[in-house]
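Novice: Structure in structure tokens, see below.
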Amino acid sequence: MRPVLYVLTFLSVMGLAFWAYRENYATQQALKDMAALQDDIAALREALTLQRAEWAYLNRPERLRQLATVNFDRLGLFPLTPEQLGAARDISYPPQAPLMGSIDNPQDVMGQVAPDGDFP
Amino acid sequence: MIRTPLRPLARILLARQQGVNPDSIERENLRLRHEAMRDKSRLRAEGRLLLLGMGFAAAFTLIGARMGLLAATEPMEPRSAAPGAEITATRADITDRNGNVLATNMLTHALYAHPRDMVDPKRVAQELAAIFPEFKEEDLYRRFTDGRSFLWIRKVLSPEQMQKVHEIGDPGLLFGPREMRLYPNGALAAHVLGGTSFGAEGVHSAEVIGVAGIEKALDVRMRDPAQAGQPVQLSIDLTLQAAVEEILQTGMTMLSAKGAAAILMDVHTGEILSLASLPAFDPNDRPNNPISGEPGDSPLFNRAVQGVYELGSTFKIFTVANALELGLVTPDSMVDANAPKRVGRFTIKEFQNKNYGPLLSVRDVIAKSSNVGTANLALTIGALRQQAFYKALGFFEPTQIELVEAPGAKPIVPKKWPDITVITTSYGHGISASPMHLAAAYGAIANGGIRMTPTLLHGGVPQTGPRVMSEKTAREARSMLREVVTHGTATMADVPGYEVAGKTGTAEKPNKQGGYDTDKVVNTFAMMFPASEPKYVLVVTLDEPVDTSGSEPRRTAGWTAVPVAAEIVRRAAPLLGLRPVVEPKAPDTLTAASN
Numbered sequence: 250m251r252p253v254l255y256v257l258t259f260l261s262v263m264g265l266a267f268w269a270y271r272e273n274y275a276t277q278q279a280l281k282d283m284a285a286l287q288d289d290i291a292a293l294r295e296a297l298t299l300q301r302a303e304w305a306y307l308n309r310p311e312r313l314r315q316l317a318t319v320n321f322d323r324l325g326l327f328p329l330t331p332e333q334l335g336a337a338r339d340i341s342y343p344p345q346a347p348l349m350g351s352i353d354n355p356q357d358v359m360g361q362v363a364p365d366g367d368f369p
Numbered sequence: 006m007i008r009t010p011l012r013p014l015a016r017i018l019l020a021r022q023q024g025v026n027p028d029s030i031e032r033e034n035l036r037l038r039h040e041a042m043r044d045k046s047r048l049r050a051e052g053r054l055l056l057l058g059m060g061f062a063a064a065f066t067l068i069g070a071r072m073g074l075l076a077a078t079e080p081m082e083p084r085s086a087a088p089g090a091e092i093t094a095t096r097a098d099i100t101d102r103n104g105n106v107l108a109t110n111m112l113t114h115a116l117y118a119h120p121r122d123m124v125d126p127k128r129v130a131q132e133l134a135a136i137f138p139e140f141k142e143e144d145l146y147r148r149f150t151d152g153r154s155f156l157w158i159r160k161v162l163s164p165e166q167m168q169k170v171h172e173i174g175d176p177g178l179l180f181g182p183r184e185m186r187l188y189p190n191g192a193l194a195a196h197v198l199g200g201t202s203f204g205a206e207g208v209h210s211a212e213v214i215g216v217a218g219i220e221k222a223l224d225v226r227m228r229d230p231a232q233a234g235q236p237v238q239l240s241i242d243l244t245l246q247a248a249v250e251e252i253l254q255t256g257m258t259m260l261s262a263k264g265a266a267a268i269l270m271d272v273h274t275g276e277i278l279s280l281a282s283l284p285a286f287d288p289n290d291r292p293n294n295p296i297s298g299e300p301g302d303s304p305l306f307n308r309a310v311q312g313v314y315e316l317g318s319t320f321k322i323f324t325v326a327n328a329l330e331l332g333l334v335t336p337d338s339m340v341d342a343n344a345p346k347r348v349g350r351f352t353i354k355e356f357q358n359k360n361y362g363p364l365l366s367v368r369d370v371i372a373k374s375s376n377v378g379t380a381n382l383a384l385t386i387g388a389l390r391q392q393a394f395y396k397a398l399g400f401f402e403p404t405q406i407e408l409v410e411a412p413g414a415k416p417i418v419p420k421k422w423p424d425i426t427v428i429t430t431s432y433g434h435g436i437s438a439s440p441m442h443l444a445a446a447y448g449a450i451a452n453g454g455i456r457m458t459p460t461l462l463h464g465g466v467p468q469t470g471p472r473v474m475s476e477k478t479a480r481e482a483r484s485m486l487r488e489v490v491t492h493g494t495a496t497m498a499d500v501p502g503y504e505v506a507g508k509t510g511t512a513e514k515p516n517k518q519g520g521y522d523t524d525k526v527v528n529t530f531a532m533m534f535p536a537s538e539p540k541y542v543l544v545v546t547l548d549e550p551v552d553t554s555g556s557e558p559r560r561t562a563g564w565t566a567v568p569v570a571a572e573i574v575r576r577a578a579p580l581l582g583l584r585p586v587v588e589p590k591a592p593d594t595l596t597a598a599s600n
């Protein structure tokens, strides 16, 4: 019995050592991956900052004004003027239906009115 | 343990036989026993001390070893935690009220040299001079070869320049990373932003410090690492600012003015939506401070905040408001306006020597801008009460706006306050203040009498500051200002639908001889809209404008500042989301009734 126990203990120690060895390398690899990822994140953040600056630069009012002038024949953009703002009450609601023309397809509707029916 | 008896019977008997005192045996045994006990406890104590000493030694060794290890290893960032966004930026961004970027940071590089590592200084100098036209080859070569071991070449490189320097391929040329401040909108809102420069510079980094404007005023906040990820949001509206600057620039060119300034302010929160001063500069490439000439003529000079001018007749409404508040007059009271008026050796005249008198209603004093009428009102008010009112409106101290230039712009007020000062200050002469002061004071009239503290930071709440006049006085003052526009000196400002109410001011510029130049004026138009319930105050100032559209040059504000301001309202009001009121609100066709 005892030799079997010895062998088992020895094997389990070997197994644990192997596991610890693997874990050690896995941890180191994870840390390396993490560092690489963080480098990527930093680079992306930097790129994002740069792109935000670029976006702000491309959307500067001066440039937009020039673009609106250059493309006036296609876009016809003017500065916003007071006349472009209206009041909600100037819009008819409900939308008026177009005026009805002559009724050329009349239909008769017939029914029976029950004396004790519902009359809403 | 078997204890040795103190009085062993055998020895006692023996002692008794020999006639010795048996007690001495007992004492001897007791002594031996005590000695044994003492030895034992000493041994134990020594063991404990040894253990303790070893424990301490181990602990100290451990700590010492750890400290030595920490001191000897290269510092490393913690690798198992993700860094936050705040690590990437060293200086907070600046955005407008809608989040558009006004200032941000960009990573770039600085160029420095280690001349001792240089392989071929002659060729390096030659090629660098070809890349950077501002360097001379001989100068560079001399600096590379005079024995120094370190030398800065350029603070900031563009990526193209950096690539070209790389291509020289000399090991003595090195790059240091630099965070550079970038203002993507160029000269837009330049005076608000100010600018930055490098502070302490090292090879691996350099600190960016604000040198003017809000960059300097809020430098500590911008550099605070805890808040670096959080942009500073200004109350400025980028679109509005662009429109205002465009119109102001056009007006300035058309009227051949030397400079111009405009301030658009929310009258409830005190937020500045637009602050323009022309001529402007590019904060990306901020010019150096002028060493010669008038500092006020430099593009760096912020006319809206730093410039203190005599603001002329725009002050008349304060005199009238003061008199109304004190209950001295009502809007329809008649006052003596018989011109010219003689006070001691001074003569008070009206514009073009007119005479609006002998009597004029208070309303018409404002609408016609009568100097004499205002002067007589001011004499009724008296020096002390007049001073107190100006003080309450903030004309005695610099504005508290978040610009580093603001505390320096202290209004120039007379030291003594005799009757002639009472008269001249009542129509804005002999007292100088910045357009920002004027905007704040008109804000108080516009919002119903609450003193305004203008701010450039977004997120303002309606101000509740001290009350300087009653709501009734403010309302009456507004109706008078409205009449200035409907049938007074500022009829060109009557933008349909926006009920503009304001007051013009034309002040001749003081010259070096101590007098006034008649052909050099500062024209101001201070106004609010919509008059029935003002939301915004606009102040437009033009420096030395002249309108040449007529037969002879005209220099009054009604012909210069007013049309510019009207155009600003026409463009800005729709951007502010203000709907024009086409007619007085008609009663609804449907009548509400309860059954």
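Respectively, the protein sequence lines represent chains A and B.
As numbered in our numbering, residues 250 to 369 make up the first sequence, in order.
As numbered in our numbering, residues 6 to 600 make up the second sequence, in order.
For glycine and all other residues, C-beta sits at the position ideal for the given N, C-alpha and C.
Since this is a predicted model, take the numbers as computed values, not measurements.
1. Taking C-beta pairs closer than 7 Å, name the residues in chain B that L334 (chain A) reaches, listed in chain order.
2. Can H463 (chain B) and T404 (chain B) be called in contact, C-beta distance under 8 Å?
3. Just how far apart, CA to CA, sit T78 (chain B) and G69 (chain B)?
4. Alpha carbon to alpha carbon, how far is D242 (chain B) from R294 (chain A)?
5. Between Q246 (chain B) and S279 (chain B), how many whole angstroms is the CB-CB distance? I'm expecting something under 8 Å.
6. Mind checking if A230 (chain A) is an interface residue toward chain B, Cβ cutoff 8 Å exclusive?
7. Using a beta-carbon distance below 8 Å, is L278 (chain B) in contact with chain A?
8. Just checking: is the beta-carbon of P189 (chain B) within a distance shorter than 8 Å of some beta-carbon in chain A?
9. Can you pull out the residues from the region 140–151 of chain B whose beta carbon lies closer than 9 Å to at least one beta carbon of chain A?
10. Rank B:S261, B:Q254, B:E299 and B:S297 by C-alpha distance to the C-alpha of A281 (chain B) and give the top, closest one.
11. For L75 (chain B), does the three-state DSSP call read helix, strand or coil?
12. Between which two residues does the alpha helix (DSSP H) containing G264 (chain A) stretch?
13. Note down, in chain order, each residue of its chain lying with its Cβ closer than 6 Å to the Cβ of A482 (chain B), except the 5 sequence neighbours on either side.
14. Please state if the CB of D548 (chain B) and the CB of A309 (chain B) are separated by a distance shorter than 8 Å.
15. To the nearest angstrom, how far is it from the Cα of R8 (chain B) to the Cα of A76 (chain B)?
16. Are there three or more Cβ pairs, one per stretch, closer than 8 Å when the region 48–63 of chain B is compared with the region 191–198 of chain B?
17. Quick check: is the beta carbon of R251 (chain A) nearer than 8 Å to any beta carbon in chain B?
18. What's the call for T565 (chain B), buried or exposed, on a 16-neighbour Cβ count within 10 Å?
19. Is it the case that the region 360–372 of chain B contacts the region 392–412 of chain B, given that we only count it when at least three CB pairs across the two stretches are under 8 Å?
20. Considering Cα atoms alone, identify which of B:E276, B:S46, B:K263 and B:L11 is closest to R102 (chain B).
21. Using a cut-off of 8 Å between C-beta atoms, extract the partners of R575 (chain B) located in chain A.
22. Grab me the residues of E91 (chain B)'s own chain with a C-beta within less than 7 Å of its C-beta, minus the 5 sequence neighbours each way, in chain order.
23. Name, please, each residue of chain B whose Cβ falls closer than 8 Å to the Cβ of E311 (chain A).
24. Looking only at C-alpha atoms, which of B:K477, B:S537, B:V527 and B:Q168 sits nearest to T319 (chain B)?
25. Please list, in chain order, the chain A residues whose beta carbon lies closer than 8 Å to that of G502 (chain B).
26. Which stretch, first to last residue, makes up the alpha helix (DSSP H) that contains I144 (chain B)?
27. Do A562 (chain B) and G433 (chain B) have their C-beta atoms closer together than 8 Å?
28. Residues of chain B with a CB under 7 Å from the CB of L299 (chain A): which are they?
29. Any C-beta of chain A within less than 7 Å: which residues of the region 102–129 of chain B qualify?
30. Nearest by alpha-carbon distance to G332 (chain B): which of B:L55, B:E143 and B:M474 is it?
31. Can the beta-carbon of A506 (chain B) be found closer than 8 Å to that of F534 (chain B)?
32. Could you check whether M123 (chain B) and F149 (chain B) sit closer than 8 Å to each other, using their CB atoms as the reference points?
33. Please check if any C-beta of chain A sits within less than 8 Å of the C-beta of T244 (chain B).
34. Along the chain, which unbroken stretches of the alpha helix (DSSP H) at least 4 residues long are found entirely within the region 308–352 of chain A?
35. Counting only C-beta atoms, is E295 (chain A) closer than 8 Å to chain B at any point?
Specialist: By the coordinates alone:
1. Here residue 334 (chain A) is taken as the residue at index 85 of the first sequence, counted from 1. P579, R584 and P585, listed in chain order.
2. Numbered from 1 along the second sequence, position 458 holds the residue referred to as residue 463 (chain B). Numbered from 1 along the second sequence, position 399 holds the residue referred to as residue 404 (chain B). Not in contact: H463 (chain B) and T404 (chain B) (Cβ atoms no closer than 8 Å).
3. Here residue 78 (chain B) refers to the residue found at position 73 when the second sequence is read from its first residue. Here residue 69 (chain B) refers to the residue found at position 64 when the second sequence is read from its first residue. Going by the C-alpha atoms only, they are around 14 Å apart.
4. If you number the second sequence from 1, residue 242 (chain B) lands on position 237. If you number the first sequence from 1, residue 294 (chain A) lands on position 45. Taking the straight line joining both Cα atoms gives about 27 Å.
5. Position 241 of the second sequence, counting from 1, holds the residue named residue 246 (chain B). Position 274 of the second sequence, counting from 1, holds the residue named residue 279 (chain B). Indeed they touch by this definition, with Cβ atoms about 5 Å apart.
6. Any question about residue 230 (chain A) goes unanswered here, given that chain A covers just 250 to 369.
7. Taking the first residue of the second sequence as position 1, residue 278 (chain B) is located at position 273. L278 (chain B) does not count as touching chain A.
8. To locate residue 189 (chain B), count along the second sequence from 1; it is residue 184. Cβ-Cβ to chain A under 8 Å: yes for P189 (chain B).
9. none
10. For the purposes of this step, residue 281 (chain B) is taken as residue 276 along the second sequence, with counting starting at 1. A281 (chain B) has its Cα closest to that of B:Q254, out of B:S261, B:Q254, B:E299 and B:S297.
11. Start at 1 with the first residue of the second sequence, and residue 75 (chain B) comes out as number 70. The answer is helix: DSSP assigns L75 (chain B) an H, G or I state.
12. Taking the first residue of the first sequence as 1, we reach residue 264 (chain A) at position 15. That run of the alpha helix (DSSP H) goes R251 to L307.
13. Numbered from 1 along the second sequence, position 477 holds the residue referred to as residue 482 (chain B). Once the five neighbours on either side are set aside, the close Cβ partners of A482 (chain B) are I322, A326 and I450.
14. Against the second sequence, residue 309 (chain B) aligns to sequence position 304. Against the second sequence, residue 548 (chain B) aligns to sequence position 543. For A309 (chain B) and D548 (chain B), no; Cβs fall outside 8 Å.
15. Sequence index remark: in the second sequence, residue 8 (chain B) carries index 3 (1-based). Sequence index remark: in the second sequence, residue 76 (chain B) carries index 71 (1-based). Cα to Cα, R8 (chain B) sits roughly 60 Å from A76 (chain B).
16. no
17. Reading the first sequence from its first residue, position 2 is the one you call residue 251 (chain A). Not one chain B Cβ lies under 8 Å of R251 (chain A).
18. Position 560 of the second sequence holds residue 565 (chain B). Burial call: buried.
19. no
20. Residue mapping note: residue 102 (chain B) aligns to position 97 of the second sequence, counting from 1. Of the listed residues, the one whose Cα sits closest to R102 (chain B) is B:E276.
21. As a first step, residue 575 (chain B) is located in the second sequence; it is residue number 570 there, counting from the start. Neighbours of R575 (chain B) on chain A, chain order: T330 and P331.
22. Locating residue 91 (chain B) in the second sequence gives position 86, counting from the first residue. Reliability of the predicted coordinates at E91 (chain B) is poor, the pLDDT of 45 falling under 50, and no value is obtained from them.
23. Here residue 311 (chain A) refers to the residue found at position 62 when the first sequence is read from its first residue. Ordered by position in chain B, the residues that pass the 8 Å Cβ test against E311 (chain A) are N190, G191, L193 and A247.
24. Walking along the second sequence from the start, residue 319 (chain B) turns up at place 314. Residue B:V527 is the option with its Cα nearest to T319 (chain B).
25. Start at 1 with the first residue of the second sequence, and residue 502 (chain B) comes out as number 497. Neighbours of G502 (chain B) on chain A, chain order: P331.
26. Against the second sequence, residue 144 (chain B) aligns to sequence position 139. It should be noted that the sequence gives Asp, not Ile, for residue 144 (chain B). Per DSSP, D144 (chain B) belongs to the alpha helix (DSSP H) from E142 to T150.
27. For the purposes of this step, residue 562 (chain B) is identified with residue 557 of the second sequence, where counting begins at 1. For the purposes of this step, residue 433 (chain B) is identified with residue 428 of the second sequence, where counting begins at 1. Cβ atoms of A562 (chain B) and G433 (chain B): not closer than 8 Å.
28. To locate residue 299 (chain A), count along the first sequence from 1; it is residue 50. Here the neighbours are M111.
29. N105, V106, T109, N110, M111 and L112
30. If you number the second sequence from 1, residue 332 (chain B) lands on position 327. Nearest option by C-alpha distance: B:M474.
31. The sequence position of residue 506 (chain B) within the second sequence is 501, counting from 1. The sequence position of residue 534 (chain B) within the second sequence is 529, counting from 1. Cβ atoms of A506 (chain B) and F534 (chain B): closer than 8 Å.
32. The residue you call residue 149 (chain B) lines up with position 144 of the second sequence. The residue you call residue 123 (chain B) lines up with position 118 of the second sequence. Yes. Within cutoff.
33. Taking the first residue of the second sequence as 1, we reach residue 244 (chain B) at position 239. Closer than 8 Å to some Cβ of chain A, the Cβ of T244 (chain B) qualifies, so yes.
34. 310–319 and 321–324
35. For the purposes of this step, residue 295 (chain A) is taken as residue 46 along the first sequence, with counting starting at 1. Interface residue, yes.
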